[in-house]
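Below is one structure; the comments refer to it alone.
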Amino acid sequence: MTWTWTPAAAWVGAIATFACLTYLWAENPVFRAAEHIFVGLASGFGIVGNWDQYIKPTIQTDIMKDGKFIYFIPIIIGLMIYLQYFPKVSWLARYPMSFWVGYGVGYTLAFQPAVLIKQVVDSYGSKFAVTAKGGGIIFTQTLNNVLFWVFLLTALSYFFFTVKRENKLVGWPAWFGRWVIMVGLGAAFGNTVMARISLFIGRLQFLFTYWLQIKI
Amino acid sequence: MWDRLMSIDKRVIYLLVAIAIAVPLIKPLGLPLSTSTESETAFNAVDALKPGDILWIGADYGPSSAPELDPMAVAIFRHALKKGVKVVVYAMWQDGVQMSKNWTELVSKEVGAKEGTDWVNLGWKPNNPVTLRQMTDDLWTAAAGVDVNGTPLSNLPLMERVKKLDASSVTLIFDLSTGSPGTADYLQYVSEPKKIPMSVGVTAVSAPGAMPYVKSGQYTGILSGMRGAAEYELLSKAPGSAIKGMDAQSLGHALIILLIILGNIGYVLRKRA
Numbered sequence: 040m041t042w043t044w045t046p047a048a049a050w051v052g053a054i055a056t057f058a059c060l061t062y063l064w065a066e067n068p069v070f071r072a073a074e075h076i077f078v079g080l081a082s083g084f085g086i087v088g089n090w091d092q093y094i095k096p097t098i099q100t101d102i103m104k105d106g107k108f109i110y111f112i113p114i115i116i117g118l119m120i121y122l123q124y125f126p127k128v129s130w131l132a133r134y135p136m137s138f139w140v141g142y143g144v145g146y147t148l149a150f151q152p153a154v155l156i157k158q159v160v161d162s163y164g165s166k167f168a169v170t171a172k173g174g175g176i177i178f179t180q181t182l183n184n185v186l187f188w189v190f191l192l193t194a195l196s197y198f199f200f201t202v203k204r205e206n207k208l209v210g211w212p213a214w215f216g217r218w219v220i221m222v223g224l225g226a227a228f229g230n231t232v233m234a235r236i237s238l239f240i241g242r243l244q245f246l247f248t249y250w251l252q253i254k255i
Numbered sequence: 469m470w471d472r473l474m475s476i477d478k479r480v481i482y483l484l485v486a487i488a489i490a491v492p493l494i495k496p497l498g499l500p501l502s503t504s505t506e507s508e509t510a511f512n513a514v515d516a517l518k519p520g521d522i523l524w525i526g527a528d529y530g531p532s533s534a535p536e537l538d539p540m541a542v543a544i545f546r547h548a549l550k551k552g553v554k555v556v557v558y559a560m561w562q563d564g565v566q567m568s569k570n571w572t573e574l575v576s577k578e579v580g581a582k583e584g585t586d587w588v589n590l591g592w593k594p595n596n597p598v599t600l601r602q603m604t605d606d607l608w609t610a611a612a613g614v615d616v617n618g619t620p621l622s623n624l625p626l627m628e629r630v631k632k633l634d635a636s637s638v639t640l641i642f643d644l645s646t647g648s649p650g651t652a653d654y655l656q657y658v659s660e661p662k663k664i665p666m667s668v669g670v671t672a673v674s675a676p677g678a679m680p681y682v683k684s685g686q687y688t689g690i691l692s693g694m695r696g697a698a699e700y701e702l703l704s705k706a707p708g709s710a711i712k713g714m715d716a717q718s719l720g721h722a723l724i725i726l727l728i729i730l731g732n733i734g735y736v737l738r739k740r741a
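Residue numbers (my numbering), protein chains in the order written: chain A, 40 to 255; chain B, 469 to 741.
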């Protein structure tokens, strides 16, 4: 069902918004109450979602209707995690955990390299950008690529600790690399500011449109 | 004077920022908005889809990033449906269920698209990205055989064409993501191994981390934050809440830049004194 902002819902939303914003003044009980309500709601939402979107249909369709009783094996292995609450057999809880860790590590090792290798190849590949017909070099793009290469190598050299910084071969690139990193972090901070302002705009749009009912 | 400027109460700054953002929302200034190459590339990827092609939209976010990602979702979903492109929506974030329900039902009503035939919302399934990976082998089993409303996938004609999440059924992935699980998982477990082109829409915070993948061609364009959403709205000629928020965004930034400059001048002058 599509969510609609009834006046009562808009009031609840507005009160929750102001309760959160009171934190800007100082930590206070109103903010803490809003925080606790949110955590409780999110937990409840998670449990209902798990049941409604996956567990219930899996039992109804896969197990009861299609007779995939093999699913009981992973269900039993999964439930073994709760044996940690019974001291005599708590060692059995390690099995689902070790299975989970082993699967996770193998899974990542199998898929990660393809993504990273492409990044490495792109970083150190040809720096000359040519036109679509292959006739000439696109100067601005090529310059951009070369600058990227310089920034990458100098930023990496900042983390090269084997040779002392007094060595000019490492010292200057590392000094420049430090500036490159700071510029990068500054750009990332600018993006963070933009994101936070966007969130505030979203709240104001809600307050104006649905609570105060001002047409914006 | 500089000393006083250096010790402004932070609550005064909050108030100034709030005013700078609120005023242009009520009284827009109409500042010009240009589009970036990255946004244009992402827009063109959707625009190049043919009627009948299947677009997979990942709704991997919650209410905390709705102001940035909801406008993107609305614009992309509307753009695709108007072109006759079929859409499958899937959320790796549990909150993404309600988020995607809002815009799928709102836009499909506006465009006159039919659920089950023109679009399907698979909702959220737990244990991602393992479930996502399983979808590349057997989507129906991974999705527990039902969509977001509990309707069996066998009752949804569109899903007859989507038995697996691979290039034979899905033409383009457009993932809207706040973090993890999100774009990186789609790239790693679906886009790269299954050779499905992928565009992304991310929060402004996540954009610097995603940019290397755009430059390497692993992402076909990127929409970054509310600005990216506004650019997509502009390109698809359907102004929405993102464009409305851009004046406020610009004024808020201008004020923050001004405060940073004043703060730095104050710091230097005080040091000299």
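Glycine included, every Cβ here is placed at the ideal spot set by N, Cα and C.
DSSP places N206(A) in the coil class of the three-state scheme, outside both helix and strand. Per DSSP, reduced to three states, the secondary structure at A672(B) is coil, with no helix or strand assignment. For F70(A), the CB contacts under 7 Å within the same chain, skipping 5 residues up- and downstream, are A58, C59, T61, Y62 in chain order. Between the alpha carbons of L607(B) and R629(B) lies a distance of about 11 Å.
Chain B has a Cβ within less than 7 Å of the Cβ of P96(A). Check the Cα spacing between L523(B) and each of V588(B), I476(B), V480(B): the tightest is with V588(B). When secondary structure is reduced to three states using DSSP, K254(A) falls in the coil class, being assigned neither helix nor strand. In terms of Cβ geometry, I220(A) and A194(A) form a close pair [threshold 7 Å]. If you look at F84(A), you'll find it in the alpha helix (DSSP H) that goes 68-89. In the structure shown, D538(B) adopts helical secondary structure according to DSSP, grouped into three states. Counting the other CB atoms within 10 Å of its CB gives N230(A) a total of 16 or more, which places it among the buried residues.
W561(B) carries a coil assignment under DSSP once its states are collapsed to helix, strand and coil. Taking CB atoms only, S82(A) has no neighbour in chain B less than 7 Å away. Counting only residues of its own chain and dropping the five nearest sequence neighbours on each side, G650(B) has a CB closer than 6 Å to the CB of D528. Judged by their CB atoms, S648(B) and Q158(A) are not nearer to each other than the 7 Å cut-off.
In the DSSP assignment, G526(B) falls outside any alpha helix (DSSP H) and lies within the beta strand (DSSP E) extending over 522-528. From the listed residues L726(B), P676(B), N512(B), L640(B), the smallest Cα separation to V222(A) is found for P676(B). Within the model, the alpha-carbon separation for G584(B) versus V638(B) is close to 16 Å. For V588(B), the pairing in a beta bridge is given by DSSP as V556(B). Around the beta-carbon of I690(B), 16 or more other beta-carbon atoms lie within 10 Å, marking it buried.
Using a CB distance below 7 Å, the part of the segment 142-159 of chain A facing chain B consists of F150, Q151, A153, V154, K157, Q158, ordered along the chain.
Annotated three-state conformation of P96(A) is helix, per DSSP. The continuous beta strand (DSSP E) containing I641(B) extends over residues 640-645. Inter-residue distance for V51(A) and I76(A) is about 12 Å (C-alpha atoms, whole angstroms).
For L238(A), at least one C-beta of chain B is nearer than 7 Å to its own C-beta. Interface criterion not met: the Cβ of G164(A) is under 7 Å from no Cβ in chain B. DSSP, reduced to helix, strand and coil, places P620(B) within a strand of the structure shown.
Contact annotation: Q656(B) and V154(A) have beta-carbon atoms nearer than 7 Å. The Cβ of I724(B) sits closer than 7 Å to at least one Cβ of chain A. Judged by DSSP in its simplified three-state form, M119(A) adopts helix. Per DSSP, the beta bridge partners of E583(B) are W587(B). Any Cβ of chain A closer than 7 Å to the Cβ of P492(B) would place that residue at the interface, and such an atom is absent.
Under the 7 Å criterion on CB atoms, N183(A) is classed as non-interfacial with respect to chain B. DSSP places L574(B) within a helical segment (H, G or I) once states are collapsed to three. With respect to chain A, the C-beta atom of P625(B) has no partner C-beta closer than 7 Å. Here M567(B) has A527 as same chain residues with Cβ atoms under 6 Å from its own Cβ, once five neighbours each way along the sequence are excluded.
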